[in-house]
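Notes to accompany the following structure.
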Amino acid sequence: DGTLRTSVYRKETYAEVILPYESNQPIAHKRSAVNSLLSRAKTHCSDEEGYRIELNYLCELFSQNGYPKDFVRRYLKGQKSKEKEPSSSNEAPKINTWRTLPYIKNVSELVERHLRKHQIHVAHKPTTTLRTQLVHPKDRVNYLDKKEVIYKIPCEAC
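Just so you know, UniProt numbering puts 55 at position 55 of the sequence shown, and the rest follows in order with no gaps.
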């Protein structure tokens, strides 16, 4: 009938792995993984049928990576409620204060909750682990070997 359909594209090398739910990462990162994939489905699928197919695929993907169904449903409902809410342009802009803290499971979430009451947002960074201290896949280059690497031009007159 001459219509063009669009959907989410995945490369051949796509591995069907997202951040595992049981990983030692902030819950905000897991929430973001779910939200970004759900919003991508909404923006990239041009029709309801394609959107339903993508949602079924994503539900299976979340399940394979250990995400509870209730966790996914909560953010799926959030996506749908965002569509219905009209945006209000009369609100005064909020002043955002951000702080970066190391992520420590269970402790970081509690600290973040308390800081949120004072309009302070928290960005979590991974803590130093034994692996990050010991595993260095590349050897360090000696400082003297780094000098004059790109711009060294031999001068025949010198």
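Glycine included, every Cβ here is placed at the ideal spot set by N, Cα and C.
Query - Exposure label - Leu37; buried when at least 16 CB within 10 Å - result: As a first step, residue 37 must be located in the sequence shown, where it is residue number 37. Burial call: buried.
Requested in this report: Could you spell out where the alpha helix (DSSP H) holding Ala28 opens and where it closes?
Outcome: Mapped onto the sequence shown, residue 28 falls at position 28. Start and end: Ile27 to His44.
**Report entry** Glu48, buried or exposed, once every other Cβ within 10 Å from all chains shown has been counted against 16
**Finding:** The residue labelled residue 48 in the question sits at position 48 within the sequence shown. Around the CB of Glu48, fewer than 16 other CB atoms lie within 10 Å, so the residue is classed as exposed.
Report task. Please confirm whether residue 163 and Lys125 have their CB atoms less than 7 Å apart. Result -> The first residue shown for the chain is 1 and the last is 158, placing residue 163 beyond what the model contains.
Requested in this report: Could you tell me the distance, in whole angstroms, from the CA atom of residue 231 to the CA atom of Gly50?
Outcome: Outside the displayed range of the chain (1 to 158) lies residue 231, so it cannot be described from this structure.
Query raised in the report: Should Gly66 and Tyr21 be called a contact, given that it needs their Cβ atoms to be closer than 7 Å?
Result: Mapped onto the sequence shown, residue 66 falls at position 66. Mapped onto the sequence shown, residue 21 falls at position 21. Going by C-beta atoms, Gly66 is nearer than 7 Å to Tyr21.
Requested in this report: Would you kindly check if the distance between the Cβ of Cys45 and the Cβ of Arg81 is under 7 Å?
Outcome: The residue you call residue 81 lines up with position 81 of the sequence shown. The residue you call residue 45 lines up with position 45 of the sequence shown. In the sequence on display, residue 81 carries Ser and not Arg. The answer is no: Cβ separation not under 7 Å.
Query raised in the report: In terms of residue numbering, what span does the beta strand (DSSP E) encompassing Arg99 cover?
Result: As a working mapping, residue 99 is identified with position 99 in the sequence shown. Run containing Arg99: Thr97 to Pro102, per the beta strand (DSSP E) assignment.
Query raised in the report: Roughly how many angstroms separate the alpha carbons of Lys42 and Glu54, rounded to a whole number?
Result: Counted from its first residue, the sequence shown places residue 42 at position 42. Counted from its first residue, the sequence shown places residue 54 at position 54. The alpha-carbon atoms of Lys42 and Glu54 are separated by roughly 9 Å.
Query raised in the report: Under a Cβ-count criterion, where at least 16 other Cβ atoms within 10 Å of its own Cβ denotes burial, should Ser39 be classed as buried or exposed?
Result: For the purposes of this step, residue 39 is taken as residue 39 along the sequence shown, with counting starting at 1. Taking all protein chains in view, the Cβ of Ser39 is surrounded by fewer than 16 other Cβ atoms within 10 Å, so the residue is classified as exposed.
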